[in-house]
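Heads up: the structure comes next, in C-alpha cells.
Residue numbers (this note's numbering), protein chains in the order written: chain A, 23 to 347; chain B, 23 to 347.
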C-alpha cells in the first residue's frame, strides 16, 4: 500500500462535513484535521479540530487542503492566500468571477509552486465538463443546463431577508415542458421563466402580513421577478419536518444534427439527496488529482477541464483500461 | 487563424463517411483525403480519394490519420502499423482485447514518437469516461451500462449467417423495468436477460423454414441464447423502408449512498439517430486532442481517460473557463 493522501479541511459547515464523510469513502486518503474559525473545542468531528491559526504549523502534515468556505467572501480571499502554502482544492462557484479568481490563484500558486484546483463541484465542475465534452463532440449543436429540483441556498437566504419572514426554503424546479422541447432537438430559445419555476416555502413571523411578504418575494429583482414564483406559507414544524434536507440536481442536455438530418442527443443528469455531500465528493476526487499533479511537479491554477480524468482515480492506468474502458 | 489540422481517413465505410461529415462541422480542420483498399475511382466523396498504397507518400501532408476500419481484423493490424508513421486515432471496441491492442500501439507509437489515441467513440470512449468519473466521485457506488435502443451490427451479422436468411437487423433494447430498478439505487444484480431484450427483423429466403430460422437465432450461444429474443419476419421492402438507419444509444447510471443515507445518482445517456456519425464525431474531436498532444511532444498510446478534456476543444483555456465553466 502506498502512503495515504493526507487531507485537511478548512471550514466546517455543510460542505466541510461532507468532505469529512467523503474522505472516509476513499481508502487511499486520511483526514489530518479540520481547521475552523470557531473554537475547535465546540466542533464535534471524527478528526482532530484545530483553530485556523494552527494551519501553517501543520503544513508538513498536509498533502492537500480542501477549502470549504463560501464563494461570496471566504474563497476569494482564502484560495489565493492558502495556495501560497498548500496544494488546494476549492468549489468557487460565482461563475462570472471565475476568470478573476483563477488569475489570483494562478499567480499565487505559480510563485510558490503549488497546485490550485479551483471551481470544482458540479456546477461549475462536472456540468462544465459535460458541456465541454458535448460541445467538442457535436460542435454544431446547442447545450442547455437546467437545475433542480433542489434547494437554492442563495434564493432561500434572499427570502429570509424579507421583513416578517422567520425561515424559508426555495426549490428551483426545471419546467418539464422545456426539458421535453430541448430533448426533441428543436433548439428553442428559452427565457428564464420558461426554464425554471421557483417554489418557496416560508415561515412567517406571528401576525406578519403574508400577502405583502408573498408580493415582495415574487417581485424581487434578480431573484424572483423573472420567474413564475409560488409562495407557500407553512409552520416552523412543517419546515423542520419536510424541508430540512438539501437535495439538488439538474440536467445538461446537448442536441445536434450530423450528416443530412440525423439528430443526436447527449444528456447528463444528477439527482442528489444531498447537494453538499455530492459537491464534497467531487472535491475529494479532485484532491487526489491535485496530489498527482503536484507529485509530477506541475503547478499553478487548474480546473476540471485541465485534468486527465484518470488522475481522479486511485487505480492504475492499466487497471482502468482493463476494467472501465 | 492558425493553420488547420489536416485529417486523413483510412477506410471508407459508414464510419469513414461519418468522419468526412464531422470534419466539415469543425472549421479548424481540413480533410486531406480518403484512403481506401477499393479502387479510388469508385469512391464518391468530397475529398480526394486515394489508394491505401499512397498513404505513406502523403505522410507530410497529414497531421492525424483517423482509422475507420473494423475491430475484428482491420485495427489490430492497422493501428500498430500506421502508428509507426502517423499520429493516429481509432475506435477499437473489442473490450477484452483493449489491453493487448494498447500495448501493441504503445510500443509502435513510442518507437516512432507518435501519438496513438485508441478505443475512442462512445463505448469504449465516452461511456468509459463517464464510468470513470462517476466511480471516482462516488467510489462506494455501482455503475450500470445499458445499450440501446439501437442496431447491433455484430448481432445483425450473426443472424445473416443463419441458413435461409437473406437480410437481418437486430435491435438491442434496454429493459425499462431494469433501468427503473437501477435508478432507485437498489443496486440489483441483473442477468444479461434482465438488462436487455434482443429484437430481430429478418428477411427469409423464398421458401425457407421460418420456424427453424427463429429457433436457430433464439438458441445461438454467445449472441441470443442468454436473452429474451424476438424474431419478426418481414419483406425486403419493409427492411429497406423501416430499418435502413443505424440508430443507437444507451445509459451509464451510477448510484451511491453518501453520509448516513443520502442517495446520489449520476446518469449519462445518448440517443443517436446515427451511431456511425456520432462515433465519427468523437473520433474527430479526439484527433484534435491527438494533434495537441503531439505538438507538446507527447507520444505513445493514450485513451480518452488520459486526455485533459480541454484538449478536445478548438477554444483556448481562457475562453473555456469564461464560457463553459
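Note that the Cβ used here is the ideal one computed from N, Cα and C, for glycine as well.
(request) Give the DSSP bridge partners of residue 276 of chain A, in chain order. (result) Under the DSSP definition of a beta bridge, residue 276 of chain A partners with A:165 and A:288.
(message) If we define contact as Cβ-Cβ less than 8 angstroms, is residue 256 of chain B a contact residue for chain A?
(response) no
(message) Less than 7 angstroms separating the Cβ of residue 181 of chain B from some heavy atom of the ligand PLP?
(response) Inclusion of the ligand PLP in the displayed structure is not the case, the ligand content being empty and no account of it being possible.
(request) Could you please give the first and the last residue of the uninterrupted alpha helix (DSSP H) stretch that includes residue 232 of chain B? (result) 232-240
(request) Can you check the segment 83-170 of chain A for any alpha helix (DSSP H) of at least 4 residues that lies completely inside it and give the ranges in chain order? (result) 96-104, 120-134 and 148-159
(request) Please check if any C-beta of chain A sits within less than 8 angstroms of the C-beta of residue 331 of chain B. (result) Interface residue, yes.
(request) Tell me where the beta strand (DSSP E) around residue 376 of chain A begins and ends. (result) Not covered by the structure: residue 376 of chain A. The range shown for chain A is 23 to 347.
(message) If you measure between the beta carbons of residue 72 of chain B and residue 91 of chain B, is that distance less than 8 angstroms?
(response) no
(request) State the start and end residues of the unbroken alpha helix (DSSP H) segment that holds residue 264 of chain B. (result) 258-264
(message) Which residue wins for smallest C-alpha separation from residue 103 of chain A, given the options A:143, A:133 and A:286?
(response) A:133
(message) Please list, in chain order, the chain B residues whose beta carbon lies closer than 8 angstroms to that of residue 155 of chain A.
(response) Under the 8 angstroms cutoff, chain B gives 148, 151, 331 and 334.
(request) Pull out every residue of the segment 132-146 of chain A whose Cβ sits closer than 8 angstroms to any Cβ of chain C, in chain order. (result) Chain labels in this structure do not include chain C; the protein chains are A and B.
(request) Find the nearest neighbour of residue 27 of chain B within the set B:36, B:48, B:275 and B:43, judged by alpha-carbon distance. (result) The shortest C-alpha separation from residue 27 of chain B is found at B:48.
(request) Using a Cβ-Cβ cut-off of less than 7 angstroms, list which residues of the segment 193-215 of chain A approach chain B; keep chain order. (result) none
(request) Say whether chain A places a C-beta atom closer than 8 angstroms to the C-beta of residue 33 of chain B. (result) no
(message) Can you confirm whether residue 173 of chain A, when its beta carbon is compared against all beta carbons of chain B, has any partner nearer than 8 angstroms?
(response) No, residue 173 of chain A lies away from the interface with chain B (no Cβ there is under 8 angstroms from its Cβ).
(request) Taking only the alpha-carbon atoms, compute the straight-line gap between residue 289 of chain A and residue 113 of chain A and give it to the nearest angstrom. (result) 23 angstroms
(request) Give me the Cα-Cα distance between residue 39 of chain B and residue 298 of chain B, rounded to the nearest whole angstrom. (result) 8 angstroms
(message) Using the Cβ count rule (16 or more neighbours within 10 Å means buried), how would you classify residue 192 of chain B?
(response) buried
(message) Going residue by residue through the segment 168-231 of chain B, where are the continuous alpha helix (DSSP H) segments of at least 4 residues, counting only ones entirely within it?
(response) 175-182, 198-205 and 214-217
(request) Decide if residue 295 of chain A is buried, meaning its Cβ has at least 16 other Cβ atoms within 10 Å, or exposed. (result) In the assembly as shown, residue 295 of chain A is a buried residue. Its beta-carbon has 16 or more other beta-carbons within 10 Å.
(message) Could you tell me the alpha carbon to alpha carbon distance between residue 255 of chain A and residue 166 of chain A, rounded to whole angstroms?
(response) 32 angstroms
(request) List the endpoints of the continuous beta strand (DSSP E) containing residue 253 of chain B. (result) 250-255
(request) If I'm right that residue 150 of chain B touches residue 346 of chain A with Cβ under 8 angstroms, what's the distance once you round it to whole angstroms? (result) 5 angstroms
(request) Report the partner residues of residue 329 of chain A according to the DSSP bridge assignment. (result) Answer is none; residue 329 of chain A lacks a bridge partner.
(message) Quick check: what's the CA-CA separation for residue 322 of chain B versus residue 100 of chain B?
(response) In this structure, the alpha-carbon of residue 322 of chain B lies about 16 angstroms from that of residue 100 of chain B.
(message) Run through chain B and tell me which residues come within less than 8 angstroms of residue 48 of chain A, C-beta to C-beta.
(response) Simply 161.
(request) With DSSP as the reference, label residue 76 of chain A as helix, strand or coil. (result) helix
(request) Provide the residue span of the alpha helix (DSSP H) that contains residue 38 of chain A, from first to last. (result) Residues 36-46.
(message) Starting from residue 339 of chain A, trace the alpha helix (DSSP H) in both directions and tell me its first and last residue.
(response) It spans 339-345 - the alpha helix (DSSP H) in which residue 339 of chain A sits, taken as one unbroken run.
(message) Contact between the segment 298-318 of chain B and the segment 269-282 of chain A is defined here as three or more beta-carbon pairs at a separation below 8 angstroms; is this criterion met?
(response) yes
(message) For residue 174 of chain B, count the other beta carbons within 10 Å of its own beta carbon; 16 or more makes it buried, fewer makes it exposed. Which is it?
(response) buried
(message) Quick check: the Cα distance between residue 145 of chain B and residue 153 of chain B, rounded to an integer number of angstroms?
(response) 10 angstroms
(request) My understanding is that residue 89 of chain A touches residue 107 of chain A, with C-beta atoms under 8 angstroms, so please give their C-beta distance in whole angstroms. (result) The pair is not a contact, with the Cβ atoms about 12 angstroms apart (cut-off 8 angstroms).
(request) With 8 angstroms as the threshold, decide whether the Cβ of residue 52 of chain B is near any Cβ in chain A. (result) no
(message) Closer than 7 angstroms between beta carbons: that is the criterion. Which residues of the segment 275-288 of chain A meet it against chain B?
(response) 280, 281, 284, 285, 286, 287 and 288
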